[in-house]
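Q: Each residue of the sequence shown is one higher than the one before, starting from 1 at the first, in full-length UniProt numbering. Built from N, CA and C at the ideal position, the CB exists for glycine as well. Have a look at this one.
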Amino acid sequence: MHTQDFLLEIGMEEMPARFLNPALEQLKELAANLLRENRLPFGEIKTYGTPRRLALYVHNLAGMQESLIQEVKGPAAKVAFNPAGEPTRAALGFAKSQGVDVSQLVVKNLGPVEYVFAVKRQEGRPATEVLAGLCPSLIAGLHFPKPMRWGSLEVRFARPIRWLVALYGDQVIDFSYAGLRSGRITCGHRFLSQGLLEIPHASKYFEVMERGRVVVDPERRREMIWNQVQELAARAGGQVVPDEELLTEVTNLVEYPLALCGSFDESFLQLPAEVLVTPMREHQRYFPVRDSGGKLLPRFIAISNGNEEHLDTVRAGNEKVLRARLADAAFFWKEDLATPLAQRVEALKKVVWQESLGTVYDKVERLIGLSRYLARVFAAGEKETEQVLRAAYLAKADLVTSMVYEFPELQGVMGREYALASGEDPAVARAIYEHYLPRFSGDELPVSTPGRILSLADKMDTLVGCFATGIEPTGSQDPYGLRRQALGICHICLEGELVLSLRGLIEQAYEQYRGRVELKLRREQVISHLMDFFAQRLKGIFADRGLSYDTVEAVLAAGFDDLTGAWQRAQAVEAFRDEPHFEAVLTAFTRAHNLSRRHGSTTVDPAVLVHPAEVALYQKLKEVQEEVARNLAARDYRGALAAMASLRPGVDQFFDAVMVMVDDEKIRNNRLSLLKGVATLALGVADLSKLVAAPGDKLYT
1 MHTQDFLLEI GMEEMPARFL NPALEQLKEL AANLLRENRL PFGEIKTYGT PRRLALYVHN
61 LAGMQESLIQ EVKGPAAKVA FNPAGEPTRA ALGFAKSQGV DVSQLVVKNL GPVEYVFAVK
121 RQEGRPATEV LAGLCPSLIA GLHFPKPMRW GSLEVRFARP IRWLVALYGD QVIDFSYAGL
181 RSGRITCGHR FLSQGLLEIP HASKYFEVME RGRVVVDPER RREMIWNQVQ ELAARAGGQV
241 VPDEELLTEV TNLVEYPLAL CGSFDESFLQ LPAEVLVTPM REHQRYFPVR DSGGKLLPRF
301 IAISNGNEEH LDTVRAGNEK VLRARLADAA FFWKEDLATP LAQRVEALKK VVWQESLGTV
361 YDKVERLIGL SRYLARVFAA GEKETEQVLR AAYLAKADLV TSMVYEFPEL QGVMGREYAL
421 ASGEDPAVAR AIYEHYLPRF SGDELPVSTP GRILSLADKM DTLVGCFATG IEPTGSQDPY
481 GLRRQALGIC HICLEGELVL SLRGLIEQAY EQYRGRVELK LRREQVISHL MDFFAQRLKG
541 IFADRGLSYD TVEAVLAAGF DDLTGAWQRA QAVEAFRDEP HFEAVLTAFT RAHNLSRRHG
601 STTVDPAVLV HPAEVALYQK LKEVQEEVAR NLAARDYRGA LAAMASLRPG VDQFFDAVMV
661 MVDDEKIRNN RLSLLKGVAT LALGVADLSK LVAAPGDKLY T
């Protein structure tokens, strides 16, 4: 089959860096779906992009659509033709409706009945014709967080579209979109390229882009940037810590990257490191340079969008901008130190946290109460309790400092620094910093006891307050970061192996609000909503840790009030599934569960046990229940499962010898209660009915 490469380039004004990667993923997926739907076979699909262009490149795209053969089912053959084989009105009407001659109808068996079918063949069209119709749909199918409109057009896109290139081999795919007509003319680098560029053939695209000083492949730009950054850092006698997020952003900000090394006054190194790094990284997109010990050097590396011409001027400009930023930071630092951190707490009474939930000072009071509760739960010592309560009082005070007002990313960090500068206990300062952790996926977790307690208290206070006022995340909206807060609680508990009641913590957080603000939902409603919310977070965490979906479902169905216990139970079930005892446990449970699932009692009357097999099972069950209880108390969940396995022979003997559903109601209910006791025994670990037996497992029903 004849094939050619296909190129579609959408040229535009510079779009935000964060738009680029999602747009390239969308473009690739949309193209693959549209080409398949339109029966155009292709080889590999690649997408490329810079701030000024999105490019789709399809290798070995077929020159013709595949033909489409459709078989449309009609009436039964005995209805379509009379005994003489002549078509009836039903056959004639069906053929006419399908646009075929009645002689073209075919008869096929569909089960025991013969039906007539109209076989229609749709010949494939040239790829050039199909692509002309697909390209506008492909562009219109891209979505962005904040699309723009321009001029009098109704079109929405990331930024105004300025040119369109569409080539199948050397042939232009002619279409119109957003008031533009496609062609083979593109634009190179905004400053380094001279004039418009013509692409003679799709395969020449990358060559033309290089001539126009555009590195269109993001992966290549990324590699170029990182190599240049490492080389310049080494020349300056330092190194740059890998920063994937920053590297991705600067990659998507430039078309022709060139790294440069700048410097700043060493006197700024007296400021806390984060005060220097934040304006460098967050505001200017610079890479900080550190020595081998991790200490900041008075150097930074910036990525320019150009060549070495006038590089000294560009460097001087970057140094000037950073100098102003750091001078501001130094001023804020000096000004903030004039007021001890504790004296700033009163100012929080004028800062609204959430309009329905009061001020930040109100939140501080709740944090103190909730931290006191958690300190008791974790049996914190007197000293640690004092530390966490002091940290709770000071936790939000840095929000009213000039530094955090200017650099919100430094909340918590500056709280720690100002606490230390004010003479507070280092453990208190550390807890102030740690209570914001984790700030994002993969971030560090609090490790000190006061830090963990305060972090849990802060996150649960936010969750309960928002849920109680009807603020819950939707599919695309989560303005208060509630998913992140819940995930933070889960990770802190799991990593620290903390044992506490999730429900109890929710109840205590709710009580801190009671009488202070008006809440829309009752306590039990908030608990129910939040437990469901946490269940979804746990499913994701457990799945990411490699557990099978049915193990997760089985464990969570048995309860997860103790998050750490739920994880330990899940590990035990997953490991136990590979042991010989597993089939015994699952079989015993399944046989008992299937028969007693609608029975509500586990109370057995020994006097009503009449058959030796049920007496033996009852005695064995009591023995195993005691052993399982000891194992559960010791959090030995694999031991509990192993103990349950010993019930298998008794359960098998019971079913072989005893008829459960006898006419005597008293005996029948007593036997069902005995089986219910077997079935519910496993619920201390998992709901085994949720487990999917592996092929070959012999389960009795």
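Please return the same chain residues whose Cβ sits closer than 7 Å to the Cβ of leucine 357, not counting the five positions on each side in sequence.
A: Looking up residue 357 in the sequence shown gives position 357. Contacts found: Gly465, Thr469 and Val517.
Q: Taking only runs that begin and end inside the segment 279–362, name each unbroken alpha helix (DSSP H) of 4 or more residues, in chain order.
A: DSSP runs (the alpha helix (DSSP H)) wholly in the segment 279–362: 311–337.
Q: Using the Cβ count rule (16 or more neighbours within 10 Å means buried), how would you classify glutamate 154?
A: Along the sequence shown, read from residue 1 onward, the residue named residue 154 stands at position 154. So glutamate 154 ends up on the exposed side.
Q: Could you pull out every residue in the same chain whose Cβ sits closer than 8 Å to the Cβ of arginine 503, ignoring the five residues on either side in sequence?
A: On the sequence shown, position 503 is the one that residue 503 refers to. Correct list, in chain order: Ile527, Met531 and Asp561.
Q: What number of angstroms, rounded off, separates the C-alpha of leucine 296 from the C-alpha of alanine 273?
A: Against the sequence shown, residue 296 aligns to sequence position 296. Against the sequence shown, residue 273 aligns to sequence position 273. If you take the alpha carbons of leucine 296 and alanine 273, they lie about 7 Å apart.
Q: For the segment 399–451, which segments carrying the alpha helix (DSSP H) assignment without a break, of at least 4 residues, lie completely within its bounds, in sequence order?
A: Correct list: 402–406, 413–421 and 426–434.
Q: Buried or exposed for serine 176, please, with buried defined as at least 16 other CB atoms from any protein chain shown within 10 angstroms of its CB.
A: Here residue 176 is taken as the residue at index 176 of the sequence shown, counted from 1. Classification of serine 176: exposed, given that the 10 Å Cβ count is below 16.
Q: Using 8 Å for Cβ pairs, my map puts leucine 27 next to leucine 54. What's the rounded Cβ distance?
A: Mapped onto the sequence shown, residue 27 falls at position 27. Mapped onto the sequence shown, residue 54 falls at position 54. About 6 Å; that satisfies the 8 Å criterion.
Q: Exposed or buried, leucine 699, counting other C-beta atoms within 10 Å across all chains shown (16 or more means buried)?
A: The residue you call residue 699 lines up with position 699 of the sequence shown. With a pLDDT of 38 at leucine 699, under the threshold of 50, the predicted position of this residue should be treated as unreliable, though the coordinate-derived value follows. Under this definition leucine 699 is an exposed residue.
Q: Less than 7 Å between C-beta atoms, sequence neighbours within five positions excluded: which residues of the same chain meet that for glycine 451?
A: Residue numbering aside, residue 451 sits at position 451 when the sequence shown is read from its first letter. Once the five neighbours on either side are set aside, the close Cβ partners of glycine 451 are Arg430, Ala431, Glu434 and His435.
Q: Within 10 angstroms of its Cβ, does methionine 659 collect 16 or more other Cβ (buried), or is it exposed?
A: If you number the sequence shown from 1, residue 659 lands on position 659. Counting Cβ neighbours within 10 Å, methionine 659 comes out exposed, since fewer than 16 surround it.
Q: Got a sec, what are the start and stop residues for the alpha helix (DSSP H) serine 596 sits in?
A: The count along the sequence shown starts at 1 and reaches residue 596 at position 596. Residues 581–596.
Q: Considering Cα atoms alone, identify which of Trp226, Val107 and Lys690 is closest to leucine 258.
A: Counting from one through the sequence shown, the residue named residue 258 turns up at place 258. Comparing Cα positions, the closest option is Trp226.
Q: Only counting the same chain, and skipping five residues up and downstream in sequence, which positions put a Cβ closer than 8 Å to that of valine 321?
A: Your numbering for residue 321 matches position 321 in the sequence shown. Excluding residues within five positions, the ones whose Cβ falls inside 8 Å are Gln284.
Q: Applying the criterion that 16 or more other CB atoms from any shown protein chain within 10 Å of the CB defines a buried residue, is histidine 310 buried or exposed?
A: Within the sequence shown, the letter at position 310 stands for residue 310. By the neighbour-count rule (16 or more Cβ atoms within 10 Å), histidine 310 is not buried but exposed.
Q: Note the first and the last residue of the continuous alpha helix (DSSP H) segment covering valine 615.
A: What you label residue 615 is simply residue 615 of the sequence shown in a count that begins at 1. Note, valine 615: alpha helix (DSSP H), 612–633.
Q: How many Å lie between glutamate 346 and alanine 23 at the Cα?
A: As a first step, residue 346 must be located in the sequence shown, where it is residue number 346. As a first step, residue 23 must be located in the sequence shown, where it is residue number 23. Computed Cα separation, rounded: 47 Å.
Q: Can you give me the start and stop residues for the beta strand (DSSP E) that glutamate 382 sits inside?
A: Counting from one through the sequence shown, the residue named residue 382 turns up at place 382. No beta strand (DSSP E) holds glutamate 382; the alpha helix (DSSP H) holding it covers 382–394.
Q: Could you name the residues of the same chain whose beta carbon sits closer than 6 Å to that of glycine 151, not counting the 5 residues immediately before and after it, in chain order?
A: Your numbering for residue 151 matches position 151 in the sequence shown. Here the set comprises nothing.
Q: To the nearest angstrom, how far is the alpha carbon of leucine 621 from that of valine 377?
A: Working through the sequence shown from its first residue, we reach residue 621 at position 621. Working through the sequence shown from its first residue, we reach residue 377 at position 377. Taking the straight line joining both Cα atoms gives about 34 Å.
Q: When you compare each of Val364, Met414 and Glu384 to alanine 392 by their alpha carbons, which one comes out closest?
A: Within the sequence shown, the letter at position 392 stands for residue 392. Closest by alpha carbon: Val364.
Q: So, for glutamate 25: in the same chain, excluding its five sequence neighbours on each side, which residues have a beta-carbon less than 7 Å away from its beta-carbon?
A: Along the sequence shown, read from residue 1 onward, the residue named residue 25 stands at position 25. Correct list: empty, nothing qualifies.
Q: Using the Cβ count rule (16 or more neighbours within 10 Å means buried), how would you classify arginine 18?
A: For the purposes of this step, residue 18 is taken as the residue at position 18 of the sequence shown. By the neighbour-count rule (16 or more Cβ atoms within 10 Å), arginine 18 is not buried but exposed.
Q: I'd like the list of long-range same chain contacts for phenylalanine 576, defined as Cβ closer than 7 Å, with 5 residues on each side in sequence excluded.
A: On the sequence shown, residue 576 is found 576 positions in, with the first residue counted as 1. Around phenylalanine 576: Phe582, Arg638 and Leu641.
Q: With a CB to CB cut of under 6 Å and the five nearest residues on each side skipped, what residues in its chain are close to alanine 236?
A: Within the sequence shown, the letter at position 236 stands for residue 236. Contacts found: Cys261, Val289 and Arg299.
Q: Here's the rule I'm using: 16 or more other beta-carbon atoms within 10 Å means buried, otherwise exposed. How should threonine 603 be labelled?
A: Counting from one through the sequence shown, the residue named residue 603 turns up at place 603. Threonine 603 is exposed by the Cβ-count criterion.
Q: Roughly how many whole angstroms lie between the Cα atoms of alanine 375 and tyrosine 256?
A: Numbered from its first residue, the sequence shown carries residue 375 at position 375. Numbered from its first residue, the sequence shown carries residue 256 at position 256. Roughly 55 Å between the two C-alpha positions.
Q: Candidates Gln354, Lys666 and Asp336: which alpha carbon is nearest glycine 415's?
A: Sequence index remark: in the sequence shown, residue 415 carries index 415 (1-based). Closest by alpha carbon: Asp336.
Q: Please report the Cβ distance between asparagine 307 and leucine 192, rounded to the nearest whole angstrom; I am assuming they are in contact, meaning their Cβ atoms lie under 8 Å.
A: If you number the sequence shown from 1, residue 307 lands on position 307. If you number the sequence shown from 1, residue 192 lands on position 192. About 6 Å separates the two Cβ atoms, so the contact holds.
Q: Using the C-alpha atoms, what's the distance from alanine 95 back to leucine 105?
A: What you label residue 105 is simply residue 105 of the sequence shown in a count that begins at 1. What you label residue 95 is simply residue 95 of the sequence shown in a count that begins at 1. Answer to the nearest angstrom: the Cα atoms are 7 Å apart.
Q: Can the beta-carbon of glutamate 266 be found closer than 9 Å to that of alanine 329?
A: As a working note, residue 266 is residue 266 in the sequence shown. As a working note, residue 329 is residue 329 in the sequence shown. Contact: no.
Q: Are at least three pairs of beta-carbons, each pair with one atom in the segment 97–113 and one in the segment 130–146, less than 8 Å apart?
A: Judged by Cβ distances under 8 Å, the segment 97–113 makes no contact with the segment 130–146, as fewer than three pairs qualify.
Q: Within the same chain, show all residues whose beta-carbon is closer than 7 Å to that of proline 695, passing over the 5 residues directly before and after it, in chain order.
A: Position 695 of the sequence shown, counting from 1, holds the residue named residue 695. Unreliable positioning characterises proline 695 in this predicted model, as indicated by a pLDDT of 42, which lies under 50. The coordinate reading is nonetheless provided below. No residues qualify anywhere along the chain.
Q: Following the continuous alpha helix (DSSP H) through arginine 638, name the residue where it begins and the one where it ends.
A: As a first step, residue 638 must be located in the sequence shown, where it is residue number 638. Per DSSP, arginine 638 belongs to the alpha helix (DSSP H) from 637–645.
Q: Is the distance from the Cβ of threonine 128 to the Cβ of glutamine 194 below 9 Å?
A: Residue mapping note: residue 128 aligns to position 128 of the sequence shown, counting from 1. Residue mapping note: residue 194 aligns to position 194 of the sequence shown, counting from 1. For threonine 128 and glutamine 194, no; Cβs fall outside 9 Å.
Q: Does the segment 663–675 come into contact with the segment 534–546, if we say contact requires no fewer than three beta-carbon pairs (one atom in each stretch) closer than 8 Å?
A: These segments do not touch.
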